[in-house]
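Chains as they are written, first to last, in the UniProt record's numbering: chain R, 1 to 398; chain B, 1 to 398. Here's the structure we're looking at; comments come further down.
There are 2 protein chains.
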Amino acid sequence: MKVPKILILGAGYGGLMTAKGLQKHLRPGEAEVTLVNQNSYHYITTKLHEPAAGTSHHDHARLSILSVIHPHRVNFIQDQVTSINTETKEVTLKDQSEPLSYDYLVIGLGSAPETFGIKGLLENAFFIRSIDSVRMIREHMEYMFSRYAEEKKDELITIVVGGAGFTGIEYVGELVDRMPELCREYDIPLEKVRIVNVEAAPTVLPGFDSDLVSYATDYLKNKGVEFHINTPIAECTHEGVILKGGEEIKAATVVWTGGVRGNKIVEDAGIETMRGRVKVDGQLRAPGHEEIFIIGDSSLVFPSENERPYPPTAQIATQQGQFLGKNLVSLIRDGKMDTFAYHAKGTVASLGRKEAIGIVGKNSKLMGMKASLMKKIIELRWLYLLGGISLVLRKGKF
Amino acid sequence: MKVPKILILGAGYGGLMTAKGLQKHLRPGEAEVTLVNQNSYHYITTKLHEPAAGTSHHDHARLSILSVIHPHRVNFIQDQVTSINTETKEVTLKDQSEPLSYDYLVIGLGSAPETFGIKGLLENAFFIRSIDSVRMIREHMEYMFSRYAEEKKDELITIVVGGAGFTGIEYVGELVDRMPELCREYDIPLEKVRIVNVEAAPTVLPGFDSDLVSYATDYLKNKGVEFHINTPIAECTHEGVILKGGEEIKAATVVWTGGVRGNKIVEDAGIETMRGRVKVDGQLRAPGHEEIFIIGDSSLVFPSENERPYPPTAQIATQQGQFLGKNLVSLIRDGKMDTFAYHAKGTVASLGRKEAIGIVGKNSKLMGMKASLMKKIIELRWLYLLGGISLVLRKGKF
Chain R
1 MKVPKILILG
11 AGYGGLMTAK
21 GLQKHLRPGE
31 AEVTLVNQNS
41 YHYITTKLHE
51 PAAGTSHHDH
61 ARLSILSVIH
71 PHRVNFIQDQ
81 VTSINTETKE
91 VTLKDQSEPL
101 SYDYLVIGLG
111 SAPETFGIKG
121 LLENAFFIRS
131 IDSVRMIREH
141 MEYMFSRYAE
151 EKKDELITIV
161 VGGAGFTGIE
171 YVGELVDRMP
181 ELCREYDIPL
191 EKVRIVNVEA
201 APTVLPGFDS
211 DLVSYATDYL
221 KNKGVEFHIN
231 TPIAECTHEG
241 VILKGGEEIK
251 AATVVWTGGV
261 RGNKIVEDAG
271 IETMRGRVKV
281 DGQLRAPGHE
291 EIFIIGDSSL
301 VFPSENERPY
311 PPTAQIATQQ
321 GQFLGKNLVS
331 LIRDGKMDTF
341 AYHAKGTVAS
351 LGRKEAIGIV
361 GKNSKLMGMK
371 ASLMKKIIEL
381 RWLYLLGGIS
391 LVLRKGKF
Chain B
1 MKVPKILILG
11 AGYGGLMTAK
21 GLQKHLRPGE
31 AEVTLVNQNS
41 YHYITTKLHE
51 PAAGTSHHDH
61 ARLSILSVIH
71 PHRVNFIQDQ
81 VTSINTETKE
91 VTLKDQSEPL
101 SYDYLVIGLG
111 SAPETFGIKG
121 LLENAFFIRS
131 IDSVRMIREH
141 MEYMFSRYAE
151 EKKDELITIV
161 VGGAGFTGIE
171 YVGELVDRMP
181 ELCREYDIPL
191 EKVRIVNVEA
201 APTVLPGFDS
211 DLVSYATDYL
221 KNKGVEFHIN
231 TPIAECTHEG
241 VILKGGEEIK
251 AATVVWTGGV
261 RGNKIVEDAG
271 IETMRGRVKV
281 DGQLRAPGHE
291 EIFIIGDSSL
301 VFPSENERPY
311 PPTAQIATQQ
321 GQFLGKNLVS
331 LIRDGKMDTF
341 AYHAKGTVAS
351 LGRKEAIGIV
361 GKNSKLMGMK
371 ASLMKKIIEL
381 RWLYLLGGIS
391 LVLRKGKF
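In structure tokens, the structure reads:
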């Protein structure tokens with residue numbers, strides 16, 4: 001009897017949770033599970049804004065995959081996916097001469113920055129999207145601050161954050177926390193530093209309750225953050241940004257958080273996408289591909305026909321992974337599958353270490369310390385799902 | 001009766017020691033002493049190679065001037081000297097509208113990098129010469145290492161150190177110590193890093209005993225350092241260095257330690273100089289200027305007519321400051337002055353935290369741990385001279 005091969009691409013929230021589920025629910029020999037990821041570690045995307053500002057070390061935002069995956073149950077291959085062939089059912093990796101074949105493919109390759117065609121953004125801006133990229137943002141910013149002592153140019157200590165969505169606001173919150181320490185380190189008067197948040201949409205944190213949005217923006221403005229809302233960036237240069245209307249903001253550090261799109265590999269595989277993301281069916285399958293499942297930022301899930309899709313979050317990716325871990329077992333055993341339903345448990349956006357805003361359940365608003373505590377609980381819960389209480393104790397920050 | 005005005009420019013080893021001496025030996029009202037320095041702190045030049053490599057924090061290489069100078073005895077002005085007028089006996093500062101007048105002037109303005117006309121060096125290389133400059137070297141290097149994760153270009157983790165004199169070798173020694181930690185931080189295999197030391201002269205550490213030179217180079221080669229001795233740098237570009245003969249070494253970080261020259265302000269004052277340094281008389285006076293004393297890196301002291309001048313070191317600057325602190329008091333009181341004599345107590349060059357080579361007294365050689373301990377004792381002695389045992393306890397690293 002042939003053992004089915006399940007191949008999982010990407011160890012983000014979705015892929016890692018699928019692998020954990022299969023590891024737990026499959027009996028030995030029931031399927032051969034392989035997980036491919038380009039790094040030896042999973043990174044906790046919801047915390048990347050912290051090392052990007054330097055308020056915590058990047059090691060707090062990653063964990064070794066082999067600390068949560070059992071190598072006897074799941075084969076782990078550290079490599080980069082270069083292409084997917086849906087005809088031959090094979091996946092090509094960068095460093096392996098032989099492609100990997102699959103019976104079931106789970107794609108959780110995450111997202112890439114969406115620049116909306118803004119000129120110069122890809123070349124000149126930084127992106128909060130991986131351990132490598134946030135470490136580079138921190139180091140770049142610190143290098144610019146160190147140069148200020150000799151060159152005294154204001155743009156060296158000006159930081160422009162493009163996008164006032166979730167990541168943008170959380171990052172600005174961390175920057176506000178970091179600046180006093182950073183200014184002491186480089187002998188710079190705090191009031192010389194400029195943090196500028198630029199957003200094309202008419203509001204900060206779209207989708208959030210207006211009371212909470214006011215709380216967040218009042219807090220950040222109070223700390224000196226400048227907001228340019230309803231103001232698209234026309235161009236990003238190596239000297240800063242040019243706003244629509246012509247105003248130039250000179251800044252040595254520009255960080256773009258304005259949006260994400262699906263991974264190009266999915267598009268290139270001939271799977272139908274919208275901005276690189278795949279509108280999946282009730283079982284999270286790609287249209288026309290019974291054996292291909294798409295989860296996380298590469299997938300699009302609609303609440304109902306006429307509504308906007310759920311935004312790409314760690315929360316939905318985790319739920320998709322949990323669902324798929326069970327559903328694939330059921331499919332292999334009985335040929336049956338359940339239908340995925342997303343349960344929104346609420347959202348919390350941090351504003352630095354001690355402040356946050358959030359909604360719990362459907363409508364319960366939280367602000368300040370309470371919201372900040374809730375954010376920490378959510379992070380600890382993710383560690384618990386992955387590695388139980390021992391991982392919480394080892395990696396959790398209290 | 002007119003109280004004489006003593007103006008000290010620069011709070012390096014020489015200037016600070018002069019101020020300390022005057023503070024100690026002068027009776028209240030006997031003279032008006034003013035110390036001008038561009039920073040609020042003195043930096044311990046002999047330790048700057050450590051923060052430049054990142055093996056210690058730059059705060060360990062500086063101390064607040066007001067922690068060692070009593071403001072009732074010595075006026076301290078934090079400002080930058082822009083020019084000296086020897087005719088009107090006035091010194092102009094950057095931020096003060098009125099110039100400062102003096103009866104006696106002590107110039108201890110230190111040195112500037114000597115580039116020997118090497119093209120592109122001033123524009124593209126870094127220099128170990130102040131807290132600001134070494135902090136920038138550290139941050140630049142770390143930023144280049146962080147970029148390696150994304151760009152994988154070998155030149156990002158290649159460091160060229162120009163000059164194999166005292167500072168060059170000490171800096172290379174610190175880099176060797178720092179690399180394992182730096183590579184862990186940025187997920188880089190240690191063997192990928194290149195440290196290249198380039199020296200135009202036919203030997204490393206000119207003036208040092210050949211046994212000690214062998215000990216040092218063997219140790220550093222063993223740690224992977226590449227030496228290009230007898231090899232002048234023809235040009236420094238933004239991509240690295242081009243050696244005489246045409247070989248190019250691509251390196252994102254080039255640090256020049258190949259030599260120093262006197263401060264240009266001394267030259268511009270119309271005082272006779274050789275490469276910006278003033279050949280002083282036995283009382284450390286500038287030729288033709290009875291009331292101007294030059295100490296530290298701006299001064300040239302010859303053992304005798306036909307010998308080479310003493311190299312510019314913290315040791316000679318300290319002795320000059322000690323001498324001048326007493327001699328100025330004697331001059332004011334009795335119109336008499338002693339003659340300066342340099343007592344070479346030995347030299348120790350560190351090779352990272354645990355290794356060093358040195359000569360104590362005239363001929364006693366030290367290597368390894370013993371030499372390293374001696375280096376620490378020398379550093380503690382400087383703190384003791386400045387601020388007694390309390391400063392040793394507060395700032396000393398044991």
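We put the CB at the ideal spot given by N, CA and C, even for glycine.
Practice prompt. Could you name the residues that DSSP lists as bridge partners for HIS256/R?
Written response: Numbered from 1 along the first sequence, position 256 holds the residue referred to as residue 256/R. Residue identity differs from the one stated: residue 256/R is Trp in this sequence, not His. Beta-bridge pairing links TRP256/R to PHE127/R, GLY162/R.
Worksheet entry | Cβ shell of SER330/R (< 8 Å), same chain only, five flanking positions each side left out | As a working note, residue 330/R is residue 330 in the first sequence. Closer than 8 Å at the Cβ level, and outside the excluded window around SER330/R, lie LYS336, MET337, ASP338.
Worksheet item: Using the rule of at least 16 other Cβ atoms within 10 Å of the residue's Cβ for burial, across every protein chain shown, is ALA269/R buried or exposed?
Response: Walking along the first sequence from the start, residue 269/R turns up at place 269. When all chains shown are included, ALA269/R counts as buried.
Discussion item. Let me make sure I understand the geometry here. Which of GLU272/B, GLU235/B, GLY246/B has the alpha-carbon closest to that of VAL254/B?
Written reply: Within the second sequence, the letter at position 254 stands for residue 254/B. Here the closest residue by C-alpha is GLU235/B.
Practice prompt. Figure out for me which residue from ILE294/B, GLY240/B, GLU142/B, GLY54/B has the closest Cα to the Cα of TYR13/B.
Written response: The residue labelled residue 13/B in the question sits at position 13 within the second sequence. Checking every option, the nearest Cα to that of TYR13/B belongs to ILE294/B.
Discussion item. Here's the rule: buried if 16 or more other CB atoms are within 10 angstroms of the residue's CB, otherwise exposed. What is ASN37/R?
Written reply: Working through the first sequence from its first residue, we reach residue 37/R at position 37. Label assigned to ASN37/R: buried.
Worksheet item: If we cut at 7 Å on Cβ distances, does TYR143/R have a partner in chain B?
Response: Locating residue 143/R in the first sequence gives position 143, where the first residue counts as 1. Chain B contact via Cβ: present.
Item to complete: Please name the residue in VAL278/R, ALA200/R, VAL225/R whose C-alpha comes closest to that of THR115/R.
Response: In the first sequence, the residue the question calls residue 115/R occupies position 115. It is ALA200/R whose Cα lies nearest to the Cα of THR115/R.
Discussion item. My assumption, with CB atoms under 8 Å, is that SER146/R sits in contact with TYR104/R. Please give the rounded CB distance.
Written reply: Counting from 1 along the first sequence, the entry for residue 146/R is found at position 146. Counting from 1 along the first sequence, the entry for residue 104/R is found at position 104. Contact flag wrong, Cβ pair sits at about 51 Å.
Fill in: Interface flag, HIS60/R vs chain B, CB-CB below 7 Å
Taking the first residue of the first sequence as position 1, residue 60/R is located at position 60. No, no contact with chain B.
Fill in: CB contact flag (LYS223/B, GLY21/B, <7 Å)
As a first step, residue 223/B is located in the second sequence; it is residue number 223 there, counting from the start. As a first step, residue 21/B is located in the second sequence; it is residue number 21 there, counting from the start. The answer is no: Cβ separation not under 7 Å.
Worksheet entry | Chain-ordered residues of the segment 167-179 of chain R with a beta carbon less than 8 Å from chain B | none
Worksheet item: Straight-line CA distance for GLU90/B to VAL81/B?
Response: By 1-based counting over the second sequence, the position of residue 90/B is 90. By 1-based counting over the second sequence, the position of residue 81/B is 81. Cα to Cα, the separation comes out at about 11 Å.
Worksheet item: What is the DSSP secondary structure of ALA149/R, counted as helix, strand or coil?
Response: Looking up residue 149/R in the first sequence gives position 149. Note: ALA149/R maps to helix in three-state DSSP.
Worksheet item: Is ILE377/B helix, strand or coil by DSSP?
Response: As a working mapping, residue 377/B is identified with position 377 in the second sequence. ILE377/B falls in the helix class under three-state DSSP.
Item to complete: For GLU305/R, decide whether its Cβ has a neighbour in chain B, counting only Cβ atoms nearer than 7 Å.
Response: Start at 1 with the first residue of the first sequence, and residue 305/R comes out as number 305. With 7 Å as the cut-off, GLU305/R does not count as an interface residue toward chain B.
Worksheet item: Below 7 Å between beta carbons: does that hold for ALA252/R and ASP132/B?
Response: Here residue 252/R corresponds to residue number 252 of the first sequence, with the count starting at 1. Here residue 132/B corresponds to residue number 132 of the second sequence, with the count starting at 1. No, these two residues do not count as a Cβ contact at 7 Å.
Worksheet item: Under 7 Å between the Cβ atoms of ILE128/R and LEU48/R?
Response: In the first sequence, residue 128/R corresponds to position 128, counting from 1. In the first sequence, residue 48/R corresponds to position 48, counting from 1. Cβ distance < 7 Å, so ILE128/R and LEU48/R count as in contact.
Worksheet item: Residues of chain B with a CB under 7 Å from the CB of GLU155/R: which are they?
Response: Stepping through the first sequence from its first residue, residue 155/R is reached at position 155. Result: empty, since nearest Cβ-Cβ is about 16 Å, beyond 7 Å.
Practice prompt. List the residues of chain B whose Cβ lies closer than 7 Å to the Cβ of HIS140/R, in chain order.
Written response: By 1-based counting over the first sequence, the position of residue 140/R is 140. Correct list: TYR143.
Practice prompt. List the residues of chain R that ASP132/B touches, going by C-beta distances under 7 Å, in chain order.
Written response: Mapped onto the second sequence, residue 132/B falls at position 132. Residues of chain R passing the Cβ test: ALA149, GLU150.
Worksheet item: CB GLY207/B to CB SER350/B, shorter than 7 Å?
Response: Taking the first residue of the second sequence as 1, we reach residue 207/B at position 207. Taking the first residue of the second sequence as 1, we reach residue 350/B at position 350. No, they are not a contact pair.
Worksheet item: Quick one: any contact between the segment 372-385 of chain R and the segment 348-363 of chain R, if contact means 3 or more CB pairs under 8 Å?
Response: yes
Worksheet item: Looking only at its own chain, which residues have a Cβ that is under 7 Å from the Cβ of HIS66/R, when we skip the five neighbours before and after it?
Response: For this step, residue 66/R is matched to residue 66 along the first sequence. Checking the displayed sequence, the identity of residue 66/R turns out to be Leu instead of His. Only PHE76 meet the Cβ criterion.
Practice prompt. Inspect the beta-carbon positions of ALA61/R and TYR43/R and report whether they are closer than 7 Å.
Written response: For this step, residue 61/R is matched to residue 61 along the first sequence. For this step, residue 43/R is matched to residue 43 along the first sequence. Against a cut-off of 7 Å, the Cβ pair of TYR43/R and ALA61/R comes out as a contact.
Worksheet item: Near PHE302/B, which residues of its chain fall below 6 Å by C-beta distance, leaving aside the five closest residues on each side in sequence?
Response: For this step, residue 302/B is matched to residue 302 along the second sequence. Contacts found: PRO309.
Worksheet item: Of the choices GLU239/R, PHE166/R, ARG394/R, whose alpha-carbon is the least far from that of THR158/R?
Response: For the purposes of this step, residue 158/R is identified with residue 158 of the first sequence, where counting begins at 1. If we check each option's Cα against that of THR158/R, GLU239/R comes out closest.
Discussion item. Using only the alpha-carbon positions, how far apart do SER56/B and ASP218/B sit?
Written reply: Looking up residue 56/B in the second sequence gives position 56. Looking up residue 218/B in the second sequence gives position 218. Each residue's alpha carbon lies about 24 Å from the other.
Item to complete: Might you give, ordered along the chain, the residues of its own chain that have their beta carbon closer than 7 Å to the beta carbon of ILE332/R, omitting 5 neighbours on each side?
Response: Along the first sequence, one-based indexing puts residue 332/R at 332. Same-chain partners within the cutoff: PRO4, GLU30, ALA31.
Worksheet item: What residue range is occupied by the uninterrupted alpha helix (DSSP H) comprising GLN283/B?
Response: Here the question's residue 283/B lines up with position 283 in the second sequence. Segment: none, GLN283/B is in no alpha helix (DSSP H) and carries neither H nor E.
Worksheet item: Nearest to GLN283/R by CA position, among GLU87/R, ARG277/R, ILE292/R, ILE378/R, is which residue?
Response: The residue you call residue 283/R lines up with position 283 of the first sequence. Nearest C-alpha to GLN283/R: ILE292/R.
Worksheet item: In terms of alpha-carbon separation, which member of SER64/R, PHE323/R, GLU181/R lies closest to VAL193/R?
Response: Translated into the one-based positions of the first sequence, residue 193/R becomes position 193. Of the candidates SER64/R, PHE323/R, GLU181/R, the one whose C-alpha sits nearest the C-alpha of VAL193/R is GLU181/R.
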